[in-house]
Structures are given as structure tokens and as C-alpha cells.
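Okay, so here's the structure we're looking at.
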Ligand code: GDP
Ligand code: MN
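Residue numbers (this note's numbering): 45 to 421.
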């Protein structure tokens with residue numbers, strides 16, 4: 045999943061003929077001031093944090109300025125701050141629009157229906173999440189022949205747009221759908237789509253590109269704003285690896301067991317810091333690589349929780365023991381293992397020979413690792 049920042053999303057909007065305010069992205073406060081002074085961004089303007097999380101409006105990450113100095117101050121206040129765990133490195137400066145109405149429009153992939161769906165609501169803006177399904181009109185779109193004229197008319201009726209605004213919406217929906225289709229997006233969302241005078245303007249842009257289509261879009265390969273460095277390496281090695289805020293590393297196999305393991309750790313007061321899903325690998329080398337990557341995340345303790353199936357316990361044990369030998373002393377951490385299932389006895393024997401005990405009970409092993417992480421902290 046490649047999430048685009050608003051600035052990048054709006055570049056796409058421009059390319060496909062979806063109207064957006066004139067603006068520019070900067071990464072320093074003096075550049076923000078300069079962008080306004082040079083006339084590149086007309087006043088009054090909006091200063092918006094370029095982070096992937098939503099809810100910026102409510103979180104103080106969307107500000108307004110009426111002078112170049114104010115634009116600079118707004119940028120200074122936002123840049124470098126953290127917003128929902130993300131550090132703000134860029135701000136988007138845009139001419140401030142005078143909003144008559146805020147609407148909501150999106151195309152999303154409805155995986156249940158196996159079709160794109162057009163969603164519109166006359167109540168857009170920062171409150172749309174609380175609107176609930178009742179106020180959102182949904183129309184599934186048949187990929188062949190694509191978005192139909194009657195569907196665009198129905199959207200216009202739901203949004204209460206007629207005349208010039210209705211014509212604007214008609215064009216906009218056609219263009220937005222073309223973007224969704226050609227760029228292989230799984231979501232394009234405009235919230236708010238603003239009525240400004242007699243025209244429509246996309247004031248926000250959320251675009252997510254479908255991962256499975258990435259081979260068709262090498263241009264997105266360089267954009268991984270939401271991945272950490274280690275996650276990036278893991279991805280290249282095709283290892284499912286996610287970094288969180290805590291200090292306990294979790295190695296499990298299968299999404300279900302991995303999530304359950306995180307839950308159990310939480311239950312005993314532990315804070316998972318990174319997890320790694322070995323999935324169904326039968327290659328000890330891959331286990332070794334995954335484990336070394338885990339070591340780089342510097343966990344205070346690691347919980348290995350494996351249910352042997354396709355991934356046999358002895359495969360994991362072998363890979364793990366090979367990796368243990370190469371982890372430098374400075375990166376060592378307490379390790380609690382729990383391996384059950386296919387070739388369990390062989391796996392346990394391999395671990396024991398390397399000085400790692402397997403604790404068969406889930407709650408007991410989870411408590412041990414939580415205590416070990418606290419002891420190391
Ligand atoms: P989000 O909260 O992260 O979705 O950020 P948005 O880009 O949607 O901005 C949040 C809110 O700020 C919008 O719903 C608008 O009410 C307001 N806003 C954003 N741009 C403008 C603008 O150009 N003019 C005015 N008047 N309000 C704006
Ligand atoms: Mn928005």
C-alpha cells in the first residue's frame with residue numbers, strides 16, 4: 045500500500061483535471077514565508093502538515109495565515125512536530141478558499157463486491173467520520189464500461205448540485221474515476237470537496253495506490269513515507285515486519301497467531317515494539333535473516349511464538365540458532381521461546397542445545413518475556 049501525501053495526491057489531481065487550489069510544498073519556515081512573498085501562494089493562505097494521518101484539521105495541523113510572517117510562524121509551529129507518531133517534514137501552502145459548502149466524494153475498492161464504489165455525502169469536512177453510513181450514498185461502479193452518466197447525475201442530486209456546479213461535478217467525477225482506474229488506486233478521497241463560488245475545488249486529497257499493481261507503477265517505488273528503514277529492508281527481503289512503539293520483539297507465524305501474541309503480551313502489561321510474521325517459510329536461512337533484522341530493532345526482549353505447520357519447528361529452531369551465533373554481544377537480548385506443533389521435539393532439542401528453553405504454556409511464556417523486557421529496561 046502506497047499512501048500519497050496530500051501534496052502528491054494533488055499533483056495527480058492536477059494531472060487528471062481535478063481542480064485544486066494553487067499552492068506549493070516547502071520544508072522550512074523561511075521557505076514558507078518566501079513562497080508567499082514571491083506571490084507563488086496568494087494570501088490569505090492555508091498551511092497544512094504533510095503527514096499521512098487524517099484528522100489534521102481537528103489536530104491543529106491545518107492553519108491559516110494572512111501575512112507572509114504568519115505563514116512562516118504557522119509553518120514553524122507545524123514543521124518538526126509529531127502528528128500521530130509522524131514527524132512533519134513538509135507543509136503544503138495553498139491559497140485559502142472561501143467555502144460555501146463542504147462535500148465528500150471518494151472512489152474506493154469494495155473488496156466484498158469486487159468492484160470500485162463511488163461514495164458521496166453532502167456533509168463533508170472534518171466531521172464526515174461521524175456522519176455514519178446513513179448519509180453516504182454508495183454506487184458500485186462496473187469497471188466496464190466504467191462510471192456511467194446516470195451515476196454521475198445521481199451523485200449530483202445527492203450532493204444538491206445543479207447548473208454550473210452540476211456540470212463541474214460531472215467532469216470532476218469522470219476525471220477522478222479515470223485517476224482511480226489508471227493509477228490503480230484502492231482509494232481516492234476528496235474531503236472536503238468544497239463549493240467555492242460557482243465552482244468545485246478539491247481542498248484535500250487522499251490517494252492510496254494498490255500494492256499488487258506496483259509493477260505497473262515504478263514511479264511510486266521511491267515513495268514509502270509510512271515505512272521505517274528496517275521495514276523497508278524487510279520488504280525487500282519479503283519478510284512481514286512491522287515496527288510499533290513498545291520494546292518487546294515478537295516472532296510468530298501466521299497473521300492470527302501473531303496478532304494473538306501481541307494481545308497476550310498487552311494483557312500482561314507488555315508493549316510489543318516490533319513484530320515479524322514468518323508466515324509459511326521452510327527455509328532456515330530466511331528465519332536467520334528475519335531474526336537478525338529483529339535484532340537491529342534493538343528489542344529489550346524477544347518472544348518467539350511458533351505453531352509448527354508448514355513452517356516446521358525444527359526449521360525455525362535451526363534458523364534461530366544460526367542467527368544467535370552472529371548477533372553481536374551489544375545487540376543481544378533475552379529470548380523466550382514457545383514452539384509447538386510439527387517437529388516440536390526436534391525443534392525443542394535444537395533450541396535446548398543452544399541454551400534456549402521452550403516454555404509450552406502461552407500465558408507463562410508471555411509473562412516471562414514481559415518480565416525480561418522490564419528487567420532489561
Ligand atoms: P484533514 O482534517 O486532515 O482531513 O485536513 P483537510 O485538508 O480536510 O482540512 C481540514 C479542514 O480545514 C477542512 O475540512 C476545512 O474546513 C478547513 N480548510 C482546509 N482548507 C481550507 C481552505 O482553503 N479554506 C477554508 N475556509 N477552510 C479550509
Ligand atoms: Mn480532509
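Every residue gets a Cβ at the ideal spot worked out from N, C-alpha and C, and that includes glycine.
- Query: Is residue 145 near the ligand GDP, judged by its Cβ being under 7 angstroms from some heavy atom?
  - Reply: Residue 145: no, Cβ never under 7 angstroms from the ligand GDP.
- Taking any heavy atom of the ligand GDP as the mark, which residues have a C-beta closer than 5 angstroms to it, listed down the chain? In chain order, the residues with a C-beta atom nearer than 5 angstroms to some heavy atom of the ligand GDP are 90, 98, 100, 101, 106, 140, 141, 143, 169, 170, 236, 247 and 248.
- Considering only C-alpha positions, which residue in the set 258, 288 and 260 is nearest to residue 272? Shortest Cα-Cα distance from residue 272 to any of 258, 288 and 260 involves 288.
- Message: Given this structure, state the Cα-to-Cα distance separating residue 172 from residue 321, to the nearest angstrom.
- Response: So the alpha carbons of these two residues sit roughly 35 angstroms apart.
- Measure the Cβ-Cβ separation of residue 223 and residue 229 and say whether it is below 8 angstroms. For residue 223 and residue 229, yes; Cβs fall inside 8 angstroms.
- Hey, is the region 141-156 in contact with the region 108-118, meaning 3+ C-beta pairs nearer than 8 angstroms? Contact between the region 141-156 and the region 108-118 is absent: fewer than three C-beta pairs spanning the two stretches fall below 8 angstroms.
- Quick one: residues in its chain with C-beta nearer than 7 angstroms to the C-beta of residue 233, no 5 flanking neighbours on either side, listed in chain order? In chain order, 150 and 250 place their CB closer than 7 angstroms to the CB of residue 233, counting only its own chain and leaving out the 5 sequence neighbours on each side.
- Pairwise C-alpha distance: residue 145 and residue 413: Between residue 413 and residue 145, the C-alpha separation is close to 54 angstroms.
- Task: Determine which residues share a DSSP beta bridge with residue 301 and list them.
- Result: Partner(s): none; residue 301 has no beta bridge.
- Selection from 357, 408 and 153 that minimises the alpha carbon distance to residue 389: Among 357, 408 and 153, the Cα nearest to that of residue 389 belongs to 357.
- For my contact list, residue 292 and residue 351 are in at a C-beta cut-off of 8 angstroms; report their separation, rounded to the angstrom. With a contact defined as Cβ atoms closer than 8 angstroms, residue 292 and residue 351 miss out at about 19 angstroms.
- Query: Buried or exposed: which applies to residue 52, given that a residue is buried once 16 or more other Cβ atoms fall within 10 Å of its Cβ?
  - Reply: Residue 52 comes out buried.
- Query: Going along the chain, which residues of its own chain have a beta-carbon closer than 7 angstroms to the beta-carbon of residue 313, five neighbours each way excluded?
  - Reply: Spatial neighbours of residue 313 in its own chain (CB-CB distance under 7 angstroms, excluding positions within 5 residues in sequence) are listed in chain order as 414.
- Please go through the same chain and pick out, in chain order, the residues whose beta-carbon is closer than 7 angstroms to the beta-carbon of residue 274, but skip the five residues on each side of it. 285, 287, 337, 340 and 341, listed in sequence order.
- Confirm, please, whether the CB-CB distance from residue 68 to residue 92 is below 8 angstroms. Not in contact: residue 92 and residue 68 (Cβ atoms no closer than 8 angstroms).
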